Amino acid sequence: MESTNKKTCLNCNDMMRGRTDKKFCDDHCRNEYHNRSKAGLHQLVRKLNAILYRNRQILEAMMESEDELQRVTRERLLQEGFQFRYLTHEYRNSRGAVYRCCYDYGYLELDARWILLVRISVS
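If you're matching positions, the sequence shown starts at 99 in the numbering used here and goes up one per residue.
Structure representation (structure tokens):
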């Protein structure tokens with residue numbers, strides 16, 4: 099049954115015919131509308147993921163060979179572009195020390211100058 103009510107598409111504002119609960123004139127308009135409405139969120143997530151990935155690359159590069167632990171200065175990490183505000187999770191060991199992690203790498207602030215880098219085994 100066709101409706102006599104004339105509704106407009108939420109995306110292109112063209113007049114629509116058909117079901118009364120229809121919001122878009124076709125799949126293209128529906129996709130375009132939803133993609134545009136979520137564009138800001140996707141951009142934010144991409145930016146955060148890029149920062150986290152860059153932090154991980156820096157930690158990986160600082161780890162020498164296959165060592166599980168490496169000591170570096172805070173200054174050296176900052177020079178490489180490491181952003182301390184961004185991390186994926188924190189881990190507290192049995193002694194109460196808090197490791198800040200970026201995916202499979204983490205760090206422990208030993209003091210104001212020295213940072214202990216650790217590789218976290220993922221299994």
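No residue lacks a Cβ here, since even glycine has one placed at the ideal position from N, Cα and C.
Source: prediction; values computed, not measured.
* Reduced DSSP category for residue 178 - H, G, I as helix; E, B as strand; rest coil -> The DSSP-derived three-state label of residue 178 is helix.
* **Where the alpha helix (DSSP H) through residue 143 begins and ends** => Note, residue 143: alpha helix (DSSP H), 125–160.
* With respect to the beta strand (DSSP E) encompassing residue 200, which residues constitute its N-terminal and C-terminal limits? -> Note, residue 200: beta strand (DSSP E), 196–200.
* Excluding the five sequence neighbours on either side, which residues of its own chain have a C-beta within less than 8 Å of the C-beta of residue 191, listed in chain order? -> Non-local beta-carbon contacts of residue 191 in its own chain, meaning distances under 8 Å to residues more than five positions away in sequence, involve 197 in chain order.
* To do: Let me know the secondary structure DSSP gives residue 172 once reduced to three states.
  => Correct three-state label for residue 172: helix.
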